[in-house]
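Protein chains in written order, with this note's numbering: chain L, 14 to 367; chain C, 14 to 367.
Since the structure comes first, as structure tokens, the remarks are kept for the end.
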DNA sequence: TTGTACGCGTTATCAG
DNA sequence: CTGATAACGCGTACAA
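Put into structure tokens, the structure is as follows:
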């Protein structure tokens with residue numbers, strides 16, 4: 014029962030005693046077709062439940078109507094929202110997304126890129142760890158004519174686009190908010206930067222820190238020294254809680270914490286609580302990303318810097334899929350400004366300066 | 014630069030002065046090709062960086078090498094792991110998955126099903142809310158010859174497969190564990206069942222409860238009455254915490270809680286803590302699903318019934334994609350046994366029976 | 001406005 | 001073992 018051929022435009026043409034060409038034209042509103050003829054065609058198409066053959070279209074048009082989406086997993090930053098929105102925008106243009114998951118493994122990233130190329134997707138949206146092997150592969154594909162958009166990673170390859178968030182502004186907004194609430198001693202908790210960790214987190218971490226410094230400078234406040242804690246966690250091995258427990262048992266000379274990302278914020282939050290302190294009474298906390306960890310579970314709800322996922326998704330798709338017959342925009346980078354989402358993890362302090 | 018035609022088997026054939034047919038055979042290890050000729054072909058293919066044209070293959074073979082995956086979101090139960098594993102198994106067979114996200118909206122479910130059909134995927138794996146409109150659409154596709162696997166939902170349509178978890182066994186394992194730890198008054202917290210909520214959760218909830226009763230019966234313990242709390246939350250509107258706060262302010266005549274799923278467990282956990290109680294000292298808690306909420310964030314780590322995602326993914330894919338030239342297995346249902354993951358949310362109690 | 005004929009890249013079939 | 005040919009379903013010059 015599954016073997017009977019699906020109906021084609023030829024079938025429609027035959028039952029109506031007309032040519033397949035007219036059917037093709039009618040079905041796509043292309044070329045000239047008589048009004049009544051088109052009507053008959055549409056009716057017949059519906060009657061026999063005609064479905065265009067995707068492969069034939071793709072072959073004929075040299076276009077797969079597919080774009081690849083390569084992501085590390087589903088819980089880092091707000092990636093679930095991004096995927097959902099990307100899927101939405103892509104499908105709105107009658108494209109499909111084919112998915113690859115890499116677990117932050119460079120090897121998998123390369124494998125996925127190759128897989129997408131084989132499947133002849135028309136473009137690839139990729140969030141990678143940013144190691145040079147992956148970048149090389151992206152460059153290779155790009156030179157073969159593949160359009161690539163790097164998600165939230167700056168990639169310096171001609172013809173490769175990026176959709177970025179203004180990290181410095183994120184750091185700035187978080188810090189300014191804390192300063193305005195009266196905090197002066199704000200601890201920055203971020204990943205330790207090692208040779209092996211040459212990925213984008215290092216750059217981003219520095220950028221966010223620059224933003225922090227700018228906020229202090231702008232308010233003419235001198236930022237105290239030694240208020241950075243480098244967490245030795247990695248993407249693969251997350252142990253912020255333990256590291257920070259150790260730290261807080263010896264240092265409590267801060268009133269607020271700005272966490273590099275939500276995973277760190279989560280670990281910090283747990284460490285703080287396990288020491289009998291609470292948020293925001295004892296320490297205020299600002300996270301970064303607004304991942305589901307934070308926005309669906311954290312207690313109390315954590316104030317965060319949010320990367321606007323709708324805009325990111327929309328831009329990424331716009332860079333890959335053209336709207337009508339318009340030309341695609343040339344490859345370029347888009348920088349999107351993050352915003353501060355105030356929740357309940359930041360308290361005002363009146364005077365706490367010694 | 015992106016416009017130069019990709020090389021084809023004809024290009025290879027021409028530069029080698031042979032026929033395209035031989036190239037095709039050589040590239041696929043199909044049919045008979047001389048050893049040295051094959052070698053030359055492979056070398057030339059590599060040289061010009063030949064990539065098979067997916068659309069042409071699909072058209073010729075009447076097979077898109079694509080399967081559709083329709084899911085509600087990325088954080089319900091262990092869906093992120095499921096997607097990752099499904100993607101893994103699918104790609105191992107050189108298939109791709111194309112993704113649809115529904116947000117538990119019946120309307121979106123139907124739209125996605127139609128989209129997948131248009132894209133001519135060879136099979137669809139779908140996790141739906143289970144409303145009849147969706148079921149009808151699945152049936153329609155199925156009658157058109159589409160293979161469909163329902164993920165974690167029983168669907169009574171001939172030719173549609175299901176991969177299910179033994180819910181009764183889940184309830185049984187959770188309860189048995191609690192009983193063995195000395196608990197007798199175990200509160201079951203589950204969703205309220207309304208007319209509008211005719212989806213699968215109702216069935217599953219009952220099945221898990223039957224498993225619970227069986228555990229009591231098997232140990233010859235009479236289960237106390239009135240130990241079920243119906244949470245009025247829905248998939249769209251999750252408010253377990255508030256509901257349960259209200260409940261616990263008036264009832265504390267239980268020592269342990271078995272939550273229908275992790276979202277409920279999460280809400281219950283927060284409600285308990287906000288009342289000044291702690292887990293497991295005051296109440297023990299067992300969740301269901303092992304979603305990322307629980308396994309990556311909860312504090313303390315919550316003991317759960319886990320649906321073995323690797324096995325589920327593997328079965329789902331096996332039902333859709335044949336290994337070599339083997340025939341696909343006929344549509345049928347697979348029931349997989351869940352397991353108990355012991356963590357830190359269950360304490361022993363010695364004597365607490367009044 | 002409509003029809004004819006060809007090609008997109010691949011593979012199955014059949015002939016040599 | 002290898003080559004020629006047709007066909008998969010659709011879109012589009014070109015002709016009518």
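Virtual Cβ for every residue (Gly too), placed ideally from N, Cα, C.
Query, Result
"Close Cβ partners of residue 57(L) (< 7 Å) along its chain, the five nearest in sequence each way excluded", "25, 28, 29"
"Residue range of the unbroken beta strand (DSSP E) whose run includes residue 120(C)", "Unbroken run through residue 120(C) is the alpha helix (DSSP H), 119 to 131; no beta strand (DSSP E)."
"Classification of residue 97(L) by the beta-carbon crowding that lies within 10 angstroms, buried from 16 upward", "buried"
"Close beta carbons around residue 130(C), own chain, < 7 Å, minus the five adjacent residues each side", "154, 159"
"Assigned exposure category for residue 319(C) - 16 Cβ within 10 Å defines buried", "buried"
"Close-in-space but distant-in-sequence residues of the same chain around residue 122(L) (CB under 6 Å, 5 per side omitted)", "115, 141, 147"
"Residue 316(L) - DSSP class collapsed to helix/strand/coil", "strand"
"Residue 36(C) (DSSP reduced to helix, strand or coil)", "helix"
"Residue from 193(C), 301(C), 90(C) whose Cα sits closest to the Cα of residue 362(C)", "193(C)"
"Test: residue 56(L) CB closer than 8 Å to a CB of chain C", "no"
"Sheet register partners of residue 290(C) (DSSP bridge)", "Answer is none; residue 290(C) lacks a bridge partner."
"Listed by chain order, chain C residues near residue 68(L) by CB distance under 7 Å", "68, 71, 72, 77, 133"
"Contact between the stretch 217 to 228 of chain C and the stretch 193 to 203 of chain C (3+ Cβ pairs under 8 Å)", "yes"
"Through-space distance from residue 101(L) to residue 33(C), alpha-carbon basis", "41 Å"
"Limits of the unbroken beta strand (DSSP E) element including residue 272(L)", "269 to 272"
"Neighbour flag for residue 40(C) against chain L, beta carbons, 8 Å", "no"
"Classification of residue 75(L) by the beta-carbon crowding that lies within 10 angstroms, buried from 16 upward", "exposed"
"Chain C contact residues for residue 130(L), given Cβ-Cβ distances below 9 Å", "64"
"Exposure of residue 329(L), with buried meaning 16 or more beta-carbon neighbours within 10 Å", "buried"
"Distance, residue 272(L) Cα to residue 43(L) Cα", "55 Å"
"With 16 other Cβ atoms within 10 Å as the buried cut-off, status of residue 135(L)", "buried"
"Buried or exposed (CB count within 10 angstroms, at least 16 for buried), residue 208(L)", "Here residue 208(L) scores only 43 on pLDDT, less than 50, and its place in the model should not be relied on; the value that follows carries that caveat. Looking at its Cβ environment, which holds fewer than 16 other Cβ atoms inside 10 Å, residue 208(L) is exposed."
"Every unbroken beta strand (DSSP E) inside the stretch 62 to 113 of chain L [3 residues or more]", "79 to 84"
"Short CB-CB distance (under 8 Å) between residue 97(C) and chain L", "yes"
"As assigned by DSSP and simplified to three states, the class of residue 136(C)", "strand"
"Nearest neighbour of residue 312(L), chosen from 127(C), 132(C), 283(C) [CA to CA]", "283(C)"
"Limits of the unbroken beta strand (DSSP E) element including residue 173(C)", "173 to 178"
"CB contact check: residue 22(C) to chain L, cutoff 8 Å", "no"
"Straight-line gap, residue 90(C) to residue 173(C) (C-alpha atoms, nearest Å)", "23 Å"
"Backbone CA spacing between residue 206(C) and residue 251(L) [nearest angstrom]", "39 Å"
"Where the beta strand (DSSP E) through residue 302(L) begins and ends", "297 to 302"
"Residue 186(L) versus residue 294(L): straight-line alpha-carbon distance, rounded", "21 Å"
"Reference residue 184(L), options 21(L), 163(L), 195(L), 229(L), closest by Cα", "229(L)"
"N- and C-terminal bounds of the beta strand (DSSP E) containing residue 352(L)", "352 to 354"
"C-beta atoms of residue 103(C) and residue 92(C) nearer than 8 Å", "no"
"Segment limits, beta strand (DSSP E) that includes residue 346(C)", "346 to 349"
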